[in-house]
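Visitor: Below is a structure I'd like to ask you about.
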Amino acid sequence: DEIFHIPQAQQYCKGEYYEWNPKLTTPPGLYITSNLIIKPLSFIFFNYINLCSTNFLRATNILFGIGLYKILRKLMINFHPFQDRNLISFNALTLSLFPVGWFFNFLYYTDSGSTFFVLWSYLLSIEKKYWMSALVGGISVLFRQSNIIWNCFILGTSLLAVLSDSNYDPKIKGMSYYRGINIRSGDKSNHTAVLHIPQIFYFISFTTIFSAPIILKFDYVDRLITGLFTLKFNSNDNDIHHKSTHV
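According to our numbering, the sequence shown is numbered sequentially starting from 1.
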């Protein structure tokens, strides 16, 4: 999608904020962020460097990648306050280098900024800074409109935290079902909901591959391989014995 995002960001660099590609389906949060970074630098470097080049625009997401590590580390400290800090740093680094997200740090796309602001909003909610969390959550929607769903999740966890700290005992009496709510913007023909069966197999394959080191412990794998070899050996031994005793 860089063929759409980069030209739009370069329009913002020129100050042409009312020029908009109708094929874009995301709000302008990424372009605004790049512009906020580039404009101050332009006063320093003047025209010596093309700050709106593809490489400089991609550097926006590298900054988000670094920030994501910091956010993940703080989240893990909140969840595991007594865990060794070096281990927490290592785990946060591992999560920030997760392949699905890490590769987007080197492209001009909305995933890195979207993930950064959603997790930052969640961190602020855990720290009970609810107004700041709402503000950052609003910024996340400027990167990906579907982040409204994550904002609802953060709102729900915040409400539970507030209610659990009070004497109020909430009673859930029903659920509301809303139809026709649209969280898409731009060219909606590119985001029409359809049944996509192969996507299920992509998901299963992805989950299996990346969960294997956690699910399959080394001793389990060792016992499985040993068992298979034993089964094969016994099968061959029985086959030889059967042939040698045939009358």
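Backbone N, C-alpha and C fix where the C-beta goes; we use that ideal spot for every residue, glycine too.
Quick caveat, the model's predicted, so the values are computed rather than measured.
#1: Between which two residues does the alpha helix (DSSP H) carrying S125 extend?
#2: For the pair the stretch 122–129 and the stretch 5–17, tell me if three or more CB-CB distances fall below 8 angstroms.
#3: Could you check what DSSP says for D165 in three-state terms: helix, strand or coil?
#4: Whose CA, out of N78, F56, I204, lies closest to the CA of F106?
#5: With H, G and I counted as helix, E and B as strand and the rest as coil, what does DSSP make of C52?
#6: Does the separation of the CB atoms of F117 and S140 fall below 9 angstroms?
#7: To the nearest whole angstrom, what separates the beta carbons of S121 and S133, a pair I think is in contact under 8 angstroms?
#8: Looking only at C-alpha atoms, which of L95, I71, N86, D111 sits nearest to H5?
#9: Would you mind giving the Cβ-Cβ distance between L119 and L75, rounded to the nearest angstrom? I have them listed as a contact below 8 angstroms.
#10: Which of the three DSSP states is assigned to H80 in this structure?
#11: Kindly indicate which three-state DSSP category L30 falls into: helix, strand or coil?
#12: Compare the Cα-Cα distances from R58 to each of Y108, S96, C52, R85 and report the closest residue.
#13: According to the Cβ coordinates, are P27 and Q145 closer than 9 angstroms?
#14: Determine the DSSP secondary structure at T25, reduced to helix, strand or coil.
Guide: Once the coordinates are examined:
#1: On the sequence shown, position 125 is the one that residue 125 refers to. Counting along the chain, the alpha helix (DSSP H) containing S125 begins and ends at 111–126.
#2: no
#3: Counting from 1 along the sequence shown, the entry for residue 165 is found at position 165. DSSP places D165 in helix when its eight states are reduced to three.
#4: The sequence position of residue 106 within the sequence shown is 106, counting from 1. Among N78, F56, I204, the Cα nearest to that of F106 belongs to F56.
#5: Looking up residue 52 in the sequence shown gives position 52. The answer is coil: DSSP assigns C52 none of H, G, I, E or B.
#6: Taking the sequence shown and counting its residues from 1, the one referred to as residue 117 is at position 117. Taking the sequence shown and counting its residues from 1, the one referred to as residue 140 is at position 140. Closer than 9 angstroms, so yes.
#7: Here the question's residue 121 lines up with position 121 in the sequence shown. Here the question's residue 133 lines up with position 133 in the sequence shown. With a Cβ gap of about 5 angstroms, S121 and S133 count as contacting.
#8: Indexing the sequence shown from 1 puts residue 5 at position 5. When each option's Cα is compared against that of H5, the closest is D111.
#9: On the sequence shown, position 119 is the one that residue 119 refers to. On the sequence shown, position 75 is the one that residue 75 refers to. Going by Cβ atoms, the distance from L119 to L75 rounds to 7 angstroms, so yes, they are a contact pair.
#10: Translated into the one-based positions of the sequence shown, residue 80 becomes position 80. Three-state result, H80: coil.
#11: Position 30 of the sequence shown, counting from 1, holds the residue named residue 30. Correct three-state label for L30: helix.
#12: Taking the sequence shown and counting its residues from 1, one reaches residue 58 at position 58. Nearest option by C-alpha distance: Y108.
#13: Position 27 of the sequence shown, counted from the start, is the residue given in the question as residue 27. Position 145 of the sequence shown, counted from the start, is the residue given in the question as residue 145. The answer is yes: Cβ separation under 9 angstroms.
#14: As a working note, residue 25 is residue 25 in the sequence shown. Residue state, collapsed to three classes: coil.
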